[in-house]
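Each step along the sequence shown adds one to the number in this note's numbering, with nothing skipped, and position 8 is 1156. Every residue, glycine too, gets a C-beta built ideally from N, C-alpha and C.
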Amino acid sequence: FEKYKGRCGECEYLNVCGGCRARADAVLDDYLQEEPFCDYVPIRTKRRLASAVEAGKTTK
1149 FEKYKGRCGE CEYLNVCGGC RARADAVLDD YLQEEPFCDY VPIRTKRRLA
1199 SAVEAGKTTK
């Protein structure tokens, strides 16, 4: 699982879900990419985005 990319690579539910490698391969032409039909945003992704937004606010 450590080679998964995108949201799947950061998802806390990866061990339970695993995403659909067939859909990732068919839609994104890379079976290690994120599940293209998953709407879940992992907590790590939310935190990273919030930090980036906060950093942008402090530099202006």
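Each residue's CA atom was taken as its position, placing P1190 and E1160 some 7 angstroms apart.
About 14 angstroms separates the CB atoms of E1150 and G1167; that is not less than 8 angstroms, and the two are not in contact. Straight across, the Cα-Cα distance linking L1180 with Y1152 is about 5 angstroms. S1199 and V1164 have their C-alpha atoms some 27 angstroms from each other.
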